[in-house]
Amino acid sequence: RGGAAPSGDMASQKVAGAERMYPFHAANIHERRLAARVARATPIALVLSVAALVAVGVFRHTTLLLTLCAVFNISMWLWVTTAAMFGILGSGKVKEEARLAQ
Numbered sequence: 000r001g002g003a004a005p006s007g008d009m010a011s012q013k014v015a016g017a018e019r020m021y022p023f024h025a026a027n028i029h030e031r032r033l034a035a036r037v038a039r040a041t042p043i044a045l046v047l048s049v050a051a052l053v054a055v056g057v058f059r060h061t062t063l064l065l066t067l068c069a070v071f072n073i074s075m076w077l078w079v080t081t082a083a084m085f086g087i088l089g090s091g092k093v094k095e096e097a098r099l100a101q
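Our numbering puts the first residue of the sequence shown at 0, with every later residue one more than the last.
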């Protein structure tokens, strides 16, 4: 977008900066770091917290159960609608790319 191409010095500075960063491609879920432990614990924590909320809603507060149903209904609707929208947009993009390739 206009302007000169980056000089070799700037490109070498970017590469040197990238080498100093943590190599994320080498990260492993089985590490003992806090971030890996949180990443492993998050799915089961979410499942257990939702199950606990549903149990409380069933046995104590019906309004809580109704609220949970409404929240999950809306989130499912948004997920399906968004997936369909991206599918439509993606097919239009592929059609345009195929037209340009010919």
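Note that beta-carbon positions come from the ideal geometry of N, C-alpha and C, so glycine has one too.
Taking the alpha-carbon positions, what's the GLY56 to VAL70 distance? 14 Å
Pull up the distance between the alpha-carbon of VAL93 and that of GLN101, whole angstroms please. 13 Å
Note down, in chain order, each residue of its chain lying with its Cβ closer than 7 Å to the Cβ of LEU67, except the 5 sequence neighbours on either side. LEU52, VAL53 and GLY56
Along the chain, where does the alpha helix (DSSP H) containing ASN72 start, and where does it finish? 61 to 100
Is ILE28 near ALA44, with beta carbons less than 8 Å apart? no
Report yes if the C-beta of LEU99 is less than 7 Å from at least one heavy atom of the ligand MN; otherwise report no. This structure does not include the ligand MN; it has no bound ligands of any sort.
For the alpha helix (DSSP H) containing ILE106, list its first residue and its last residue. Any property of residue 106 remains undetermined from this structure, which presents the chain solely from 0 to 101.
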